[in-house]
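Working notes, structure below.
Protein chains: 2
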Amino acid sequence: MFGARCLLLALRRCSSAPCPKHKQAARLRVCEALEAQEVAGDIKVQGWVRSVRSQKQVLFLHINDGSSLESLQVVADPTLEHRDLTFGSAVEVQGKLVKSLHRMQNVELKAENIRVVGPCDTLMFPFKPRERQPLEYSRQFPHLRCRTNTLSSLLRVRSEATAAIHSFFKDNGYVHVHTPIITSNDCEGAGELFHVRTSNKVQEPGENSHFFNVPAFLTVSGQLHLEVMAGAFTQVFTFGPTFRAENSQSRRHLAEFYMVEAEMSFTESLQDIIQVMEDLFKTVTSIVLSKCPQDVELFHKYISPAQKVINMREQTATCLYLANSLGSVIPYTEAVEILKRAPQTFTFQPKWGRDLQTEHEKYLVKHCGEVPVFVVNYPYDLKPFYMRDNEDGPQHTVAAVDLLVPGTGELCGGSLREERLHFLQSRLERYGETLWLITSSSLGTVWQGSVSEATGVWWGKE
Amino acid sequence: MFGARCLLLALRRCSSAPCPKHKQAARLRVCEALEAQEVAGDIKVQGWVRSVRSQKQVLFLHINDGSSLESLQVVADPTLEHRDLTFGSAVEVQGKLVKSLHRMQNVELKAENIRVVGPCDTLMFPFKPRERQPLEYSRQFPHLRCRTNTLSSLLRVRSEATAAIHSFFKDNGYVHVHTPIITSNDCEGAGELFHVRTSNKVQEPGENSHFFNVPAFLTVSGQLHLEVMAGAFTQVFTFGPTFRAENSQSRRHLAEFYMVEAEMSFTESLQDIIQVMEDLFKTVTSIVLSKCPQDVELFHKYISPAQKVINMREQTATCLYLANSLGSVIPYTEAVEILKRAPQTFTFQPKWGRDLQTEHEKYLVKHCGEVPVFVVNYPYDLKPFYMRDNEDGPQHTVAAVDLLVPGTGELCGGSLREERLHFLQSRLERYGETLWLITSSSLGTVWQGSVSEATGVWWGKE
Chain A
1 MFGARCLLLA LRRCSSAPCP KHKQAARLRV CEALEAQEVA GDIKVQGWVR SVRSQKQVLF
61 LHINDGSSLE SLQVVADPTL EHRDLTFGSA VEVQGKLVKS LHRMQNVELK AENIRVVGPC
121 DTLMFPFKPR ERQPLEYSRQ FPHLRCRTNT LSSLLRVRSE ATAAIHSFFK DNGYVHVHTP
181 IITSNDCEGA GELFHVRTSN KVQEPGENSH FFNVPAFLTV SGQLHLEVMA GAFTQVFTFG
241 PTFRAENSQS RRHLAEFYMV EAEMSFTESL QDIIQVMEDL FKTVTSIVLS KCPQDVELFH
301 KYISPAQKVI NMREQTATCL YLANSLGSVI PYTEAVEILK RAPQTFTFQP KWGRDLQTEH
361 EKYLVKHCGE VPVFVVNYPY DLKPFYMRDN EDGPQHTVAA VDLLVPGTGE LCGGSLREER
421 LHFLQSRLER YGETLWLITS SSLGTVWQGS VSEATGVWWG KE
Chain B
1001 MFGARCLLLA LRRCSSAPCP KHKQAARLRV CEALEAQEVA GDIKVQGWVR SVRSQKQVLF
1061 LHINDGSSLE SLQVVADPTL EHRDLTFGSA VEVQGKLVKS LHRMQNVELK AENIRVVGPC
1121 DTLMFPFKPR ERQPLEYSRQ FPHLRCRTNT LSSLLRVRSE ATAAIHSFFK DNGYVHVHTP
1181 IITSNDCEGA GELFHVRTSN KVQEPGENSH FFNVPAFLTV SGQLHLEVMA GAFTQVFTFG
1241 PTFRAENSQS RRHLAEFYMV EAEMSFTESL QDIIQVMEDL FKTVTSIVLS KCPQDVELFH
1301 KYISPAQKVI NMREQTATCL YLANSLGSVI PYTEAVEILK RAPQTFTFQP KWGRDLQTEH
1361 EKYLVKHCGE VPVFVVNYPY DLKPFYMRDN EDGPQHTVAA VDLLVPGTGE LCGGSLREER
1421 LHFLQSRLER YGETLWLITS SSLGTVWQGS VSEATGVWWG KE
């Protein structure tokens, strides 16, 4: 924690004498208390009451502070009961951590003092103890829904995954870049952009109301900025919000979502990129599983019970198995053949040269035994001009890769970048665009590859 | 690095036999090579040429890959020279790391093979070796300016500081939250908001062109969302982009900048908040100083040479001294007295009840011996309604704190939140706003405090 919180600031200002040590109860988070085996002296726990059970001889409370799904059991003398000590109230409990006789928990807090910091009107409070409400119900109470298990688990998992992504890239020597959110470029020409303006008023004809003198949009990708950075840093990444103004009500399209994007210079083959995707996936998965096993279990049990889960150990093993079984690599051409031979009928007929649909991706994952699958070498005409030509006609492909995972389909994608100037030039000429390549000859162009991962799709959906 | 990159994917697919080990030169980043004392076997370094010096007996190169300010010296036989081996070209050098006889470096790379991966037309390349250009010049070449020392140092420092901020909060038990960027709320009523629209076209009268059915803005602060989260997690933080549509050309106001914001529940006093600010400042400062000493030195020497810096050790000591001398705490009322007694004339006359201007902040920092200073307890009427009333009239103040630092002035601020419902109600009634408090009685309101830090001001300025 934050070291000696008890420092008297007045003393610090007026003298250089060491600050006297106050004997104060150590504050523990609930997750720390639950993991503690033995703690000498008094501790203090602060949180919200999840249950109150008053018996003749003893008062039982459960306290949750958001640090874990599990609550801490408090055992107190019934004299400590108070009319404000209700479900939802905010309390501070001081006492001793003792071994619990209950088989469901290691320790419990034997309370010496309970202070109600903030009372809660249980009649007005929209959630009740031990009641599972649908997400549509919780959505009406955005200021309170984080107190539900589902939302707090989701946020803990997301927090751990975010931290794991940052540390993965940091540990592997990547420079983190905050690419601009407001931008005048339109990365892939998607067309579905949000416009940024200073004023809501109807514009007079001829009036220049652009704050930045040019039309400004919300970024759809930091890729162009990262590609520039990759001309000075061999490995760069960004992890920020991206925006699409697609008026889609599907679960797979969000107006605002977070995306991990990485660019690596001196990338020689798709294998370099696949390796990064694989390492990132494994690292983040195993960190989340080790830090939030109960939160993940909650989702497996109640939110998306796609797989039969018998106990936590088995479920963790299943996820780790998924993470460790990465590695099936199927060329797009072979994938289409597999789909054509499939005994099932697809809404979209699989055909070489067409995009893989989610139904196709899910079939491929199933075909490989419900493990993550890399599909490589997509048709040249399907992919943006900057992907590297495999020069493998007649079935002309580029060095691109997508990672498909069970349940979701496409999780992330990447490609080798075309570094050969004449390939870029001739391809751009087909689109009638040549201008912006004029400076390329001074770039010291190198092989380059990318990884990008739409985390919104991965864990942001409710 | 990414483990065994050499795994043959085909083999992985077709058999479970262990992958044969290729004897490949280990790829080292320049910073790793520079720190290595001895490396057995061949290594490979990839990067951009910073200088070429050809002598009769020997060819000297300096290679930079963005991992450090310092470049790696390469020593090669003149026969390895190539006409494409110029300043700015991208190369891959293979060889052995040997002890250098030069006093400026520990090691050098004795090249066995040099491959020019991407040539660079030195005539077209806008930067020359050993030439220091003003930032206004570099700004014309956004795709190349990261190759300059100033920009690459800036980005390395920012990357390290970003990582340090994330790990500081993570290590102290905070849950990271991605607060929304597109929002319909206007946190502090600042009024200077960017509007988000889907279309640039002139709106027909009566037409509802709102993508989200309501007017949508870019966030000015994640505070309101974090305050809600702090009702379920005792410690939360966010570190994301925030936006102000202020048409200001000053160096202190950016349209888009990054801000660290944290909310803590169960905060009992300003000291809790000051402690977090202090710990955050010290942690980030010492991590940046230990990871990027040369980058910081570059800025001290050439970009903002405010302090006389004799050598790196001394400069690091100065910064550490600054970080460790945090702790002067001055009440606002006393600060105004200090300013009134100041021998200098201010553009803005200091007076109780008025905001501190940058000139005042800088004087206070100087007055305290050019060390960081906390100013606490600001006038009630200066601050937003949610800050906690100190009930200390006639000079009525709230429990707010600002951290002022040498060179910048205000670095971050925070406050205790008013948790007493009747205080909030009576204050809001003065503004004629009561509606949104109707649910407060079910909140289980607790003491709460915040820290926010505008990193744009701190290190984002050029």
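Top line first, the protein sequences correspond to chains A and B.
All residue numbers for the first sequence refer to this note's numbering, where the first residue is 1 and numbers rise by one.
All residue numbers for the second sequence refer to this note's numbering, where the first residue is 1001 and numbers rise by one.
Even glycine gets a Cβ: it sits at the ideal position worked out from N, Cα and C.
Using DSSP with H/G/I as helix, E/B as strand and the rest coil, what is residue i?
i	result
A/ILE513	Residue 513 of chain A lies beyond the stretch modelled for chain A, which goes from 1 to 462, so this question has no answer here.
B/ASN1172	coil
B/ALA1335	helix
A/GLU297	helix
B/GLY1095	strand
A/ALA111	strand
B/SER1051	strand
A/THR242	strand
B/THR1183	strand
A/MET264	strand
A/LYS383	coil
B/PHE1211	coil
A/ASP279	helix
B/LYS1351	coil
B/ALA1010	Note that B/ALA1010 scores a pLDDT of 32, beneath 50, so its modelled location is shaky; the value from the coordinates is reported in the next line. It is helical.
A/HIS195	strand
B/THR1345	coil
A/GLN223	helix
B/ALA1232	coil
B/GLN1425	helix
B/THR1397	strand
B/VAL1288	helix
A/ALA33	helix
Taking the alpha carbon of residue i as the point to measure from, which residue in the options has its own alpha carbon closest?
i	options	result
B/HIS1178	A/GLU70, A/ARG156 and A/THR198	A/ARG156
B/GLU960	B/GLN1271, B/GLU1337, B/CYS1368 and B/GLU1081	Residue 960 of chain B lies beyond the residue range present for chain B, which begins at 1001 and ends at 1462; the question has no answer from this structure.
B/SER1153	B/TYR1137, B/ALA1163 and B/SER1068	B/SER1068
A/SER221	A/VAL214, A/PHE239 and A/HIS367	A/PHE239
B/GLU1160	A/ARG147, A/ILE303 and A/TYR174	A/TYR174
A/SER328	A/LEU364, A/LEU101, A/SER304 and A/TYR386	A/LEU364
B/VAL1093	B/ARG1027, B/LEU1123 and B/VAL1058	B/ARG1027
A/VAL75	A/LYS110, A/MET277, A/LEU280 and A/SER89	A/LYS110
B/GLN1275	B/LEU1382, B/LYS1044, B/SER1054 and B/PHE1374	B/PHE1374
B/ASN1377	B/LYS1366, B/ARG1354, B/HIS1367 and B/THR1358	B/ARG1354
A/SER286	A/PRO241, A/PHE168 and A/PHE217	A/PHE168
Determine, using beta carbons only, whether residue i and residue j come nearer to each other than 8 Å.
i	j	result
B/ALA1033	B/LEU1097	yes
A/ASP372	A/LEU339	Contrary to the premise, residue 372 of chain A reads as Pro rather than Asp in this sequence. No; because the gap between Cβ atoms is not below 8 Å, this pair is not in contact.
B/PHE1194	B/PHE1243	yes
B/GLU1261	B/LEU1226	yes
A/PHE517	A/GLY88	Only positions 1 to 462 of chain A appear in this structure, which leaves residue 517 of chain A out of reach.
B/ARG1388	B/GLU1418	yes
A/GLY369	B/ARG1147	no
B/LEU1085	B/VAL1049	yes
B/GLY1409	B/LYS1362	yes
B/PHE1127	B/LEU1144	yes
B/THR1150	B/ILE1303	yes
A/ALA36	A/VAL107	yes
Between the segment 1231 to 1247 of chain B and the segment 1262 to 1277 of chain B, are three or more C-beta pairs nearer than 8 Å?
-> yes
Using 8 Å as the Cβ pair cut-off and three pairs as the minimum, do the segment 1343 to 1350 of chain B and the segment 1400 to 1414 of chain B touch?
-> no
Report yes or no: do the segment 168 to 184 of chain A and the segment 133 to 140 of chain A share at least 3 C-beta pairs separated by less than 8 Å?
-> no
What residues in the segment 159 to 186 of chain A have a beta carbon less than 7 Å from any beta carbon of chain B?
-> SER159, THR162, ALA163, HIS166, LYS170, ASN172, GLY173, VAL175, HIS176, VAL177, HIS178, PRO180, ILE181 and ILE182
Given a limit of 8 Å on CB to CB distance, which residues of the segment 220 to 232 of chain A reach chain B?
-> VAL228, MET229, GLY231 and ALA232
Identify each residue in the segment 380 to 406 of chain A for which the Cβ-Cβ distance to at least one residue of chain B is less than 8 Å, and report them in chain order.
-> none
Using a Cβ cut-off of 8 Å, which residues of the segment 1280 to 1304 of chain B contact any Cβ in chain A, in chain order?
-> none
Any residues in the segment 340 to 374 of chain A with a beta carbon nearer than 9 Å to a beta carbon of chain B? Which ones, in chain order?
-> PHE374
Contact residues within the segment 1144 to 1159 of chain B, judged by C-beta distance below 9 Å to chain A = LEU1144, ARG1145, CYS1146, ARG1147, THR1148, LEU1151, SER1152, LEU1155, ARG1156, ARG1158 and SER1159
Between the segment 1095 to 1124 of chain B and chain A, which residues of the former have CB atoms less than 8 Å from a CB of the latter, in chain order?
-> VAL1117, GLY1118, PRO1119, CYS1120, ASP1121 and MET1124
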